[in-house]
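Heads up: the sequence shown begins at 18 in my numbering, then just goes up one per residue.
A virtual CB, placed ideally from N, CA and C, is assigned to each residue, including glycine.
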Amino acid sequence: FRPVLFSLALLISGPMYFSSIASSPRYTEALTDPSYKGQILTLANPIVGNGGMPDTAALDEMGLRRFLESDGIKVSGLLVLDYSSEHSHWQAAGSLGEWLKEEQVPALYGIDTRMLSKLIRDKGTVLGKIEFEGQPVEFADPNKQNLIAEVSTKEVKVYGRGNAMKVVAVDCGLKHNVIRLLVKRGAEVHLVPWDHDFTSMEYDGLIISGGPGDPMKAQEVIQNVRKVLESNRPEPLFGISMGSLITGIAAGATSYRMQMANRGQNQPVLNAVNGQAVITAQNHSYAIDSSTLPPGWTPLFVNANDQTNEGIMHETRPIFTAQFYPDANPGPRDTEFLFDSFISLIKRGKGTTVSSVLPKAGAAASRVEVSKVLILGSGGLSIGQAGEFDYSGSQAVKAMKEENVKTVLMNPNIASVQTNETGLKQADAVYFLPITPQFVTEVIKVERPDGLILGMGGQTALNCGVELFKQGVLQEYGVKVLGTSVESIMATEDRKLFSDKLTELNEKIAPSFAVESIEDALKAAEKINYPVMIRSAYALGGLGSGICPDKESLLDLGTKAFAMTNQILVEKSVVGWKEIEYEVVRDAADNCIAVCNMENIDAMGVHTGDSVVVAPSQTLSNEEFQMLRDRAIKVVRHLGIVGECNIQFALHPTSLEYYIIEVNARLSRSSALASKATGYPLAFVAAKIALGIPLPEIKNVVTGKTSACFEPSLDYVVTKIPRWDLDRFRHVSNQIGSSMKSVGEVMAIGRTFEESFQKALRMCHPSVDGFTSHLPMNKAWPDITDLQKELSEPSSTRIYAIAKALEDDVPVDVIHKLTAIDKWFLYKMRGIVNMERILKEANSETVPEETLRRAKRIGFSDKQMGKCLGLTEVQCRQLRLRKNIVPWVKQIDTLAAEYPAVTNYLYVTYNGQEHDVKFDDCGVMVLGCGPYHIGSSVEFDWCAVSSIRTLRQLGNKTVVVNCNPETVSTDFDECDRLYFEELSLERILDIYQYEGCSGCIISVGGQIPNNLAVPLHQSGVKILGTNPLQIDQAENRSIFSAVLDELHVAQAPWKAVSTLRDAVEFARSVSYPCLLRPSYVLSGSAMNVVFSEEEMKKFLAEATRVSQDHPVVLTKFIEDAREVEMDAVAKAGRVVSHAISEHVEDAGVHSGDATLVLPTQTISQGALEKVKAATEKIANAFAISGPFNIQFLVRGNDVLV
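This is how it looks when you write it as structure tokens:
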């Protein structure tokens, strides 16, 4: 990396620290925190500058800087991975670079900050310097100076003049927010310099503030505090951060320099008095040694990760401290209550102890005594309810096994991993029965479970559980619902109860009415004013919801909604607002954490399942982020949710106004995404919580050392893009809205937004090269495209319309007005389009190395770059390798490199300088299935997981590549190395070569890996199983049909056609109807029965588009035939195992849409023998090793392939 300066050139040196900042635009408060004085700050968050900088001169009502924590920037230098030169936030007054220049602080981007973080982690705080060629500087240790004296006020200042309580605050580097919080609580604050003698002052309370450096340099304050302690003054004393160290030393304890400083905004701390866990913001490298505390003193807080002291208190006197920042800013406000405790000590006066003013402990969590638990699955997959529940159910079973609880699983979905009969990670009993109250009752009678888990089976399981509760079945058989109670579930699902519950909290929800008839719905809309939004109760994936701009649309949508539910909610429409989500976890002891925060790039009005989503959010300020986090935790506590919960907010784009939109008291598709995005196993932790185990006692499986009671920090960006298959349905609109239409999704990880975004677009459709205006599946835009309409109406192709608009130089402001997408995302998209232009203007000889590097860093693939430079993908790869432009393998470790990780959850990026792992496994590579789409669903995940588990049982190391967050195969404990990556030739070769894999299995991931067989084989990858050239012959329709003729295996008359004339001639010779079949497709994509010449024209064009490099085959369609499926496994051409099933419907219905019975019912023995004979011939001819499927037509005793 050659770092790039985005501020001015200044020579500096100082200690290097790293800090994780929860999300990008939250740097203003950290940069102005006096405790960072003299430090070069490395931000773990990869992208900085998104929100620009606010008006730094703006003052609040107390005369303090409104957006800052001191009078200006306090860090000596700033190091980041990527800087956003174009910013977007409604409070921005300029760019971050301008502000740093103004304050003369050097800042660099283009540095592998993760590499630096690991260095600092392993070596402790290190001295660093920023120097420029030919201008050397010496190392200087700022800790040798008295930094406190440098940041402290020089004179006494008074805030909140006239308030009744007088509080003296000793300024050792105090943050403005301490003053704000005290004045708000009725204090007159006297801010005094650090060395001011306050011992003779009159006051009601004393605060010793936080600050930078070594506490032993502040001898004057220590002496003054010691005097106060020895004089037995009755006034309360509260020490914050540095103030905690000073108070401890003054009391007689000793402090020490920590091996590993605690910084950032997600440090979990336990209250030693009541056991409650809180998430705190910290910045300190010294700590009090608890074992040296004199009699009468006791630890008040302990760090849940490293067990260091985080605060002390006196047992009888009103004195206490916190080593973290209860004033936050930036960071969570979980401990703001300490200011209330401090004020209570002042008000109650003499004799009040610290423990009497702290919040009382919540209900002590006790282990739920259960011996057998029934887990309800989600049944067959449907839109809005897909593989994520296979993943969550599998995790729940694992968690129960770990706790020695017997499990019974109900799920009729045969294609799921959780219903495997045997294995260490499987349930003790599996029932393939419908998830309905009647069948569940039967299973309860037989199995007699004492616990029931409802949160792992989507809406189906929830609705069934609520029904069983209402019918009294659970009570009758003594079955406890584990985790969130049914009452709480009802409060989140019943729209009326939900809005009543939030009104009790005085929380903001969109003005709404729950109604039970269409007449009441119309009345409600009159009161609220159009446009309104309607939502159904107890519905999944936004079913029965939509936006109604007028009375007519409400009548239409409302009538449809009442066909499926008896209650709908009519609410004010917040279309165009930002949609922000939090995943919150709460245990029975009331410990509550926000595991992941996500931002929908699409504004409100598009269902979150159909939106492009990024994690962490990229365009919120610290104020917005913490406000919504606070509300999320408050709501989850009030609703009494135990386990995992997803909460959605609508946030006004240019103010702090927000509404709570929805709470899901169960695992959802968003929770599967959050789990995979952060590495935090939500379903596993939720299952443990359901057993009554408190969060601090659950281990973080990723680090193996720290507690699961923490909020992950991400040093990367995750993008989720949905996959739609709307082309499969005729006359279906491609517009998307509040009712979900996508059938799957992908998740990409990168270290810039552009890298992650372009990767996700390619993962979604192998036919897409990245962010370009080309539609998936090589479809052309209509001749007349109304671009304005394409942008203003959300659709499954809008993202390509945005690229088209940017290519046509439509200004970002115009696109923003039409789409309501935040300008920051649009600026980033424009950057991609501009890079494409630069590459097209160059050629492979003249293109500068730096341009290629930059293109790879913003997510361009070799194929995409090759197209711009006039090279093939292979030539482009060679050019890149000649210039030594290679990707780096990075780990997801949940804590941004703060602790070493034990898992191998990996991704590949061009934004790095070193690998996080060593490559010495030489494992077997297994390619997963990519996004679920029609015809490729959870069954391929079952195939992949079964294959991985078998390989491991046989003693092989495994390397898995997949990009679908809803799968069990992307669970990091299923394999030895998990790459959350693209299933593309380029990426698989990168990983295969780094890992030195011993071979690659492509037959268990469906069509996407299968299509890569030949290119991988040609690139030197050893494909395990059937030879790729044989796979090619079987996938290529015309070669396959020719081989059948040679084998004398009967088939319907056929012909490979490339022109309409050939096709029409053939159809005339055999007579219509005919079947058109492209090659290398899944689930009959573009396969059609043709009844006339007219249809032939239309369908042939579609088939040739889908199968561009391969011939299209036309066969005579045989009517009134039975269809028989042969599924078999062969070894070197010899069949070793098989199963034959029969379709209930006549041939012509795709096997994925047909009803199958096994064994066959109407097929004669003679026909079955012919089926077996043909199967053996084909297996032998293609030398098949592995699984294969052949479909036969049977008419009487005639058998055709």
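Buried versus exposed, by CB contacts within 10 Å (16 or more), residue i
{"i": "residue 335", "result": "buried"}
{"i": "residue 218", "result": "exposed"}
{"i": "residue 683", "result": "buried"}
{"i": "residue 675", "result": "buried"}
{"i": "residue 1065", "result": "exposed"}
{"i": "residue 581", "result": "exposed"}
{"i": "residue 436", "result": "buried"}
{"i": "residue 1243", "result": "As displayed, the chain neither begins before 18 nor continues past 1218, which places residue 1243 out of reach and without an answer."}
{"i": "residue 1209", "result": "buried"}
{"i": "residue 801", "result": "exposed"}
{"i": "residue 388", "result": "exposed"}
{"i": "residue 774", "result": "buried"}
{"i": "residue 356", "result": "buried"}
{"i": "residue 1161", "result": "exposed"}
{"i": "residue 737", "result": "buried"}
{"i": "residue 273", "result": "exposed"}
Residue i in three-state terms, based on DSSP
{"i": "residue 1085", "result": "helix"}
{"i": "residue 624", "result": "coil"}
{"i": "residue 176", "result": "strand"}
{"i": "residue 739", "result": "strand"}
{"i": "residue 930", "result": "coil"}
{"i": "residue 862", "result": "coil"}
{"i": "residue 734", "result": "strand"}
{"i": "residue 973", "result": "coil"}
{"i": "residue 768", "result": "coil"}
{"i": "residue 979", "result": "strand"}
{"i": "residue 205", "result": "strand"}
{"i": "residue 724", "result": "strand"}
CB-CB length for residue i against residue j, believed under 8 Å
{"i": "residue 327", "j": "residue 313", "result": "Rounded, the Cβ-Cβ distance is 19 Å, inconsistent with contact."}
{"i": "residue 1042", "j": "residue 1203", "result": "4 Å"}
{"i": "residue 1177", "j": "residue 1141", "result": "6 Å"}
{"i": "residue 927", "j": "residue 904", "result": "5 Å"}
{"i": "residue 260", "j": "residue 225", "result": "3 Å"}
{"i": "residue 882", "j": "residue 856", "result": "6 Å"}
{"i": "residue 814", "j": "residue 792", "result": "6 Å"}
{"i": "residue 303", "j": "residue 275", "result": "7 Å"}
{"i": "residue 385", "j": "residue 709", "result": "4 Å"}
{"i": "residue 658", "j": "residue 603", "result": "6 Å"}
{"i": "residue 1131", "j": "residue 1057", "result": "The pair is not a contact, with the Cβ atoms about 14 Å apart (cut-off 8 Å)."}
Boundaries (first-last residue) of the alpha helix (DSSP H) holding residue i
{"i": "residue 890", "result": "890-899"}
{"i": "residue 578", "result": "568-579"}
{"i": "residue 1188", "result": "1182-1198"}
{"i": "residue 647", "result": "639-656"}
{"i": "residue 1011", "result": "1002-1012"}
Unbroken beta strand (DSSP E) run spanning residue i, endpoints
{"i": "residue 1158", "result": "1151-1160"}
{"i": "residue 182", "result": "182-188"}
{"i": "residue 616", "result": "609-617"}
{"i": "residue 299", "result": "294-305"}
{"i": "residue 14", "result": "Since the first and last residues shown for the chain are 18 and 1218, residue 14 lies out of range."}
Any non-hydrogen atom of the ligand ZN within 7 Å of residue i CB
{"i": "residue 411", "result": "Ligands displayed in this structure: none; no statement on the ligand ZN is therefore possible."}
CB contact check: residue i to chain C, cutoff 8 Å
{"i": "residue 452", "result": "Checking the listed chains, one finds no chain C in this structure; it contains a single protein chain."}
Query raised in the report: Three or more beta-carbon pairs under 8 Å between the stretch 53-72 and the stretch 225-236, yes or no?
Result: Verdict: yes, contact present.
Query raised in the report: Taking one C-beta from the stretch 336-348 and one from the stretch 296-309 each time, how about it: are there three or more such pairs within less than 8 Å?
Result: Under the 8 Å Cβ criterion, the stretch 336-348 counts as touching the stretch 296-309, having at least three qualifying pairs.
Report task. Decide yes or no for the touch test of the stretch 420-432 against the stretch 455-474: beta carbon pairs closer than 8 Å, at least 3 of them. Result -> Judged by Cβ distances under 8 Å, the stretch 420-432 makes contact with the stretch 455-474, as three or more pairs qualify.
Query - Given 8 Å, three or more beta-carbon pairs between the stretch 368-376 and the stretch 229-248 - result: No, the stretch 368-376 is not in contact with the stretch 229-248.
Query raised in the report: Can you find at least 3 beta carbon pairs, one from the stretch 839-846 and one from the stretch 626-641, that sit closer than 8 Å?
Result: Judged by Cβ distances under 8 Å, the stretch 839-846 makes contact with the stretch 626-641, as three or more pairs qualify.
Requested in this report: Evaluate the contact criterion for the stretch 134-146 versus the stretch 861-881: three or more CB pairs, one atom per stretch, below 8 Å.
Outcome: Short answer: they don't touch.
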